[in-house]
Structure formats: C-alpha cells, structure tokens
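Each residue of the sequence shown is one higher than the one before, starting from 1 at the first, in UniProt numbering. Think of the CB as a built atom: it goes at the ideal place given N, C-alpha and C, for glycine as much as any other residue. Quantities reported herein were computed from a predicted structural model and do not represent experimental measurements. Right, one structure below, let's go through it.
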Amino acid sequence: MVEAWDPLIHHATHFRASCIPATRKDLEDERNYSEDCLFLNIITPGGKVGSSESIHWKTNVFKLVEKYSGLLKNYIIYFEKYSTFLVKVLIPILFQKKDLPVFVYIHGGAFHMGDTESIGFEHAAENFVKNDIIFVSVQYRLGPFGFFSTGDKEIPGNMGLWDVTMALKFLHETIHAFGGDKSKITLGGFSAGSAIVSALLYSLDSDGLFSQAIQLSGSVFSEWAISEQVVKDSTRLAKAVGCSTKNSKSIHECMKERTANEILEGVEKIGSFRPYVRKNKFHMRNDGEFLTNSIDTMVQNAPKKRTLQGVTNLESSYYVFFPQIIDVLAVPKTNWSSYGKEQLKGFIKERIAPESELGSNAAVFYDLVADFYVHRQDSESDDDGSKFYLGRYCELLSDLQYNIPVLHELDMKRKHGWETYFYVTDYASDAVTDPQIPVSGVPHGSETRYLFGNGKAKLNEEDQKFKEFLVGGLVNFIKNGDPSTNSFNWPALTEDFPTRHVRLGPKPKISDTFRPEAYDFWTNTVPKSIGTDALKSRLPAAKAHNRHEEL
C-alpha cells in the first residue's frame, strides 16, 4: 500500500531507490537499492510564462496549488490500483504552462544496471525543460528481476518492458496535470533503453501511449537485446540458487521464495555475461504476449510513428578499450601494441563462428567473416598492424552489436512507410573520450555525456557547437517531429536514399550512405552463402535477412 502525501506537498530532495542490478559489482555505495524501485521522475517548467526565471530546477520542492489538491487524491487512488508505481517530482511547478510536449527517457545499462539518479536532473532541465519540454525519466526492473524467463506462460519474461509500459499508461492518464499534452509524448532511450523503445514501438500493448521515438544506439534487432538464450540462462540461475528445474511451475514457485541477495549470489555463480557478442544473459525475448511475432512482422503491422535514430561511428570501441565494462570483449591495455591478425582471427573462430553453435556452417562462416574483417585491404596494416587490427576488431563488434541491427530496423521502417531520421555521431573530444585509445572513433554513449552530464571536464568551443546542434535537433524533433533547425535541413530517409544521414559534429554534414559494404555483406553475401538460419544467430529478431534489390 502506497501512503498518501500528507499534507499535499512532497519534498523531492533526493532520488528514490534504484532497481537492483544483475551483479553485486554494480552496486554503488552511495545508492539505495530495492526491489520496490518502479519510480519515475517528472521535471517540468515552472514560473511565469515568458519569464527569464521560468526554470527553478535548483529548489527541489514540489508544490501544488489549491485547485489541484483533489486531483492529487486521484493520484493516490491510481497508485493503490497499480501497487508499486510512485511518482517523484523534482521541480517546483505552478502549472501555468499548458499542453507542453513530453520527453520520456529510458536509461541504458545492458538490461542489468542503471537508474534515473545517474541521469540526474540538472542537465535535463538545462537542455530540455528550459525549452518548454517536460522531461520524465523512468526506472524498470533489471537483470533476472526484470527479464528472467521459463520460456512459457509461467514466466514469459520481459517484465522490464511491462514496467515501462505501465509508466507510460500512468503518464498518459495524468501528464495533463503537470502541464503536458498526452498526444505529444516522445519516448526516447539510450543503448538497452533504446532497444526497449524499439520494442515498444512495435508492441500493441504500448499502442497509443506515445507519438514518436528517439533511439540512441540500440535496436530490438540486436542480438544482445533479444534471443531465446535468456531461457537457458534463467534455468541455470534457478539451479544455482537451489531450485528444482523439472518444470516451469516448480521454478516459478522456488524463485519467488529466493531473496534478492540469493539471486545475486546465483548470478555470481553463473556469470552475468556470455563470452560472445550477445553479451548480457538477461534481456528481452519473443514471449508471445508483449512481443507477439517476429519483429519484422510487428514493424509491418504496428501504427507508424516518426523516429529519430542513430549510432556513433565506432560504437563497440567502448567495450574493447574499457575492460571494466565487459571484460570478455576487452583487449587489455598491455596487449594493445601486440594485437594482430592472429588474435582477430582467433576471436572470429571462437566467438563469432563457433562450431558448437553453427555446426557444418562454421568453417564457411569463419572464412567469410575473416575475409571481410581481417584480409580485406590488410596491406594497409603495414605501418602499424596493431592499430589496424584493433580497428577491424572494433568494426566487427560495432557492426554486429549496433550498425547492422540499426540499419536493418531503419530499412524495415522505411519500407513500411515510417518517417525516419538517421544520424551518425562523428565527434567526441578528449572531454568525453580517453585520448590514449589507439584507434580513432566515437565510442558508445559519447553523445549522452553532452545531454546528461560530462563529469568535471570542461567543454571547449567545438564541444559547445556540437552540443548546441545535438540538443537543438532533439528539441525540434520532440516539439515538431522534425530535427531540422533554422540553419540546417535534416532529411528523412527515402527509397532513393535509404541510409542518408547527418554526421553529427561541430560542423554537421549530410552523407548518403553508411557502411554499405558491411550491410551488403551481412544481409546479402552471408545469407546466400550459408542460409538465413545461420545468420539468425546474429540477427535473432529478424524473420528475413535477404537484402532487397531496391537497396
């Protein structure tokens, strides 16, 4: 039972409990964690219309004028109906502005870590709220708490998706009281949060709850985002915590009796990541309820929504050079200078084309991948072989984890009449990246630091130009459905230019293609050589992988 605020003022001076991550190593000392963690934060403009003091986000006090007191009582009834859903408001609001657009943001973290406190509110207020956009950040259950599955109706999985959907239902019914327009809700997310946005775009269970979407570096078509492998890992976890796995019902009954600490101990026993490109063990699956068909088919049948979607130009360098993130994919700093052709070929054989997974297709698949990522133009490696092959390793991971899934999703949207805008982030200064990294490129998450905080690093003039364009494009899309600015026309995808995009930087420019050879390789060469079944391990959400002639 949720207690009503008494008196009708809630002092939101701190973030509430974060959802428990999948592993103990991701527990931060200063955080409060709980299984009761389904909180959302609403940051809204306050003060007089047109006032230079219209955003008072430093005060951290929630006030309701008298005429809204009755409505708040209805909120409490709503909370009781939905049990665990709470709302916390960080900004003092006088509700003088009406019908504002709303940006609902879903955090990333590989489905196994992350929270709204890490997003904060200062930068969201500066970048969005001061532009008369209501900003909402949402938490969802993580790891086994949010994505454990028995593969059937006993525990279908995808609980984290239902959490976000419930938050959207709450906002759809109540956002008008905060000055928002329920018909102008943009759902956005980063990484795993972007993959969740992708899934909600196509699920009928979230139909009508938002009008458009922003997807930053993540797609439901990515193999780390969705597969049936989560069922096997859930069974392993059940065994690790001492549950009988003879049937789904016994697993369900036993897991409900296990404490959060016992579940975390079980994850430590089985490990939280797989030694493959589909890195995280707990993620979405096609459950027949929230995700009712192949994602390709769901895209075709879903109501069309405007979408702004993109990637960085070298996403997976984030995992290669930062072993504290996902050590199974990392190259230790001590090995950077010695990394070469044989190490890359070994990775492809063991992790990309393992015989245990692909059987008789493994050798052919290995040869194809090695020819494209190792031997293609390898004469360029003469001057500095380690940098060349580290770069190719980053390209391979980036293509599999982000580029090809995102390009496939963009292709499906375009073919079925979705209005879609595409970007590639080409810029990240030393303020957000490590200058010692031997391969040039923009790693995963670089643009989010300009949106939600950059630590103690100061932004230089080029950083400020990049941030201004990035924020301006997002704000315009949230408000108008078009990221174009007064000085820059941002084109949507067309049949003639299916991957035309904006290269984000201090001086943005338009490019007509993005990794066409890699996309042709994965969606044309590979299926023709070994069939679509083998490729399905790389694009598990897709029904068909043949590249169409119009591309």
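Item, Value
"Backbone secondary structure at C19 - three-state DSSP", "strand"
"Bridge-paired residues (DSSP) for M284", "I226"
"Per-residue burial, G271 [other beta carbons within 10 Å of its own, 16 or more giving buried]", "exposed"
"Given E257 as reference, the closest of K246, G242 and E268 once Cα atoms are compared", "G242"
"Close-in-space but distant-in-sequence residues of the same chain around E409 (CB under 6 Å, 5 per side omitted)", "S219 and F221"
"Ranges of the beta strand (DSSP E) found wholly within the stretch 119–172, counting only runs of at least 3", "134–138"
"Bridge partner(s) assigned by DSSP for F103", "F135 and T186"
"F322 in three-state terms, based on DSSP", "coil"
"G109 versus M166: straight-line alpha-carbon distance, rounded", "20 Å"
"Under the three-state DSSP convention, the category H501 falls into", "strand"
"Inter-residue spacing [alpha-carbon to alpha-carbon] between K58 and E122", "With a pLDDT of 28 at K58, under the threshold of 50, the modelled position of that residue is not reliable, and no figure is offered here."
"Pair within 9 Å by beta-carbon distance, Y319 and A330", "yes"
"In chain order, each beta strand (DSSP E) run of at least 3 residues that lies wholly inside the stretch 410–452", "420–425"
"C-alpha gap between F79 and S149, whole angstroms", "Bear in mind that the predicted position of F79 carries a pLDDT of just 37, short of 50, making it unreliable; the figure below should be weighed with that in mind. Computed Cα separation, rounded: 27 Å."
"Residues bridged to T307 (per DSSP)", "A213 and T420"
"Touching by the beta-carbon criterion (3+ pairs, under 8 Å), the stretch 157–165 and the stretch 287–296", "yes"
"D29 versus G151, A17, C37 and E517, residue with shortest Cα-Cα distance", "A17"
"Per DSSP, the bridge partner or partners of F273", "N280"
"V136 versus K246 - alpha carbon distance", "43 Å"
"Three or more C-beta pairs below 8 Å linking the stretch 433–451 and the stretch 309–323", "yes"
"Own chain residues within Cβ distance below 7 Å of S446, not counting five before or after", "T312, T425, A428, V432 and T433"
"Backbone CA spacing between N280 and E268 [nearest angstrom]", "13 Å"
"Run of the alpha helix (DSSP H) containing F347, from where it starts to where it stops", "K341 to F347"
"Contacting residues, own chain, Cβ-Cβ under 7 Å from D205 (five flanking each side not counted)", "T165 and F290"
"Other residues of its chain near N32: CB distance less than 6 Å, five sequence neighbours each side excluded", "A17"
"Sequence-distant residues of its chain with Cβ nearer than 8 Å to L531 (five each side left out)", "It is worth fixing the name first, because residue 531 is Gly in this sequence and not Leu. Cβ neighbours of G531 beyond the five flanking positions: N361."
"Beta-carbon gap between G151 and S248 smaller than 9 Å", "yes"
"Alpha carbon of F365 to alpha carbon of P405, nearest angstrom", "19 Å"
"Member of K349, G310, I263 and Q300 whose CA lies at the smallest distance from the CA of P275", "K349"
"Close beta carbons around W522, own chain, < 6 Å, minus the five adjacent residues each side", "I404"
"Pairwise C-alpha distance: F321 and T334", "11 Å"
"Beta-bridge partners of K478, as assigned by DSSP", "According to the sequence shown, residue 478 is Ile rather than Lys. Bridge partners of I478: none, in fact."
"N131 and K509 closer than 9 Å at C-beta", "no"
"C-alpha distance - R515 paired with R306, whole-angstrom precision", "23 Å"
"Span separating the alpha-carbon of L86 from that of G180", "Only weak support is given to the placement of L86: the predicted model assigns it a pLDDT of 46, under 50, and the value that follows is read from those uncertain coordinates. Taking the straight line joining both Cα atoms gives about 18 Å."
"Residue of D26, C37, A124 and I20 minimising C-alpha distance to V475", "A124"
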